[in-house]
Amino acid sequence: GIQVEQSPPDLILQEGANSTLRCNFSDSVNNLQWFHQNPWGQLINLFYIPSGTKQNGRLSATTVATERYSLLYISSSQTTDSGVYFCAVAFFYGGSQGNLIFGKGTKLSVKP
Amino acid sequence: DTAVSQTPKYLVTQMGNDKSIKCEQNLGHDTMYWYKQDSKKFLKIMFSYNNKELIINETVPNRFSPKSPDKAHLNLHINSLELGDSAVYFCASSQGDGPANYGYTFGSGTRLTVV
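Quick mapping for you: the protein sequence lines, in order, are chains L and Y.
Remember, our numbering sits 410 above the position in the first sequence when you count from 1.
Remember, our numbering sits 17 above the position in the second sequence when you count from 1.
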């Protein structure tokens, strides 16, 4: 099956700093999502980005499908950005059920 | 609000009991899922279900049984609960099961504690 690796596993930032999170995947995908799991456990969908670049406020994401990686950029980090960031991928073909496969996450702590 | 909603949010129960977790989505999606998040935060698919078929992950014990009365609901029933079943269970839904899949939406999770 598809393997998903995220780096770094842990990241500590001072408030206001920028960061880049990386997701590598082992096979072709046509579904890639970034999620933020906040300290209360909620899984929040940040981006649906199987290819290309998207921006939403201080967050942006880029997926280079041909090279099998995606990057999540966080600019001017805030303490509310703390939590675990997950990359998840799937490959759907024909009528098959391609399930979303998660990486192990990057745990981000933003210090005031 | 359009969403995937799960109940209950917290569930504490004794070993050996049978319990159910309910999930409803009002997004009009045709595929629903159950995921389990273990103590190390790893998220893994348990089941996926759409109008056509239920896909059972082979690593899931048969004490776990999903039940879907209609395409907006996918409940999870667990028999003879064990300590190792303690985890957070997430329900999710998506539109489409082919290249037209537009991404998953997750519920807020149910934290199950077996004592």
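Where is the CB? At the ideal position from N, CA and C, for every residue including glycine.
Inter-stretch contact (C-beta, 8 Å, three-pair minimum) for the segment 455-473 of chain L and the segment 18-30 of chain Y: They do not touch, by the three-pair rule.
What does residue 495 of chain L reach in chain Y if we use C-beta pairs closer than 8 Å? Mapped onto the first sequence, residue 495 of chain L falls at position 85. For residue 495 of chain L, none of the residues of chain Y pass the 8 Å Cβ criterion, the least Cβ distance being about 11 Å.
Length at least 3, wholly inside the segment 466-490 of chain L: the beta strand (DSSP E) runs in chain order: Considered as a whole, the segment 466-490 of chain L harbours 469-474 and 479-484 as its complete beta strand (DSSP E) runs of no fewer than 3 residues, in chain order.
Integer Cβ distance of residue 447 of chain L from residue 496 of chain L, believed to fall under 8 Å: The residue you call residue 447 of chain L lines up with position 37 of the first sequence. The residue you call residue 496 of chain L lines up with position 86 of the first sequence. Confirmed, Cβ separation roughly 6 Å.
How is residue 102 of chain Y classed by DSSP in three states: helix, strand or coil? Locating residue 102 of chain Y in the second sequence gives position 85, counting from the first residue. Three-state result, residue 102 of chain Y: helix.
Quick check on the DSSP output: the beta strand (DSSP E) that includes residue 447 of chain L runs from which residue to which? If you number the first sequence from 1, residue 447 of chain L lands on position 37. 441-447 is the extent of the beta strand (DSSP E) around residue 447 of chain L.
Taking beta-carbon pairs under 7 Å, can you tell me which members of the segment 450-468 of chain L lie near chain Y? Residues 451, 452, 453, 455 and 458.
Quick one: is residue 35 of chain Y buried, meaning 16 or more other Cβ sit within 10 Å of its Cβ, or exposed? Your numbering for residue 35 of chain Y matches position 18 in the second sequence. Classification for residue 35 of chain Y: exposed.
Report yes or no: do the segment 82-96 of chain Y and the segment 421-429 of chain L share at least 3 C-beta pairs separated by less than 8 Å? Fewer than three beta-carbon pairs drawn from the segment 82-96 of chain Y and the segment 421-429 of chain L are found closer than 8 Å, and the two stretches are therefore not classed as touching.
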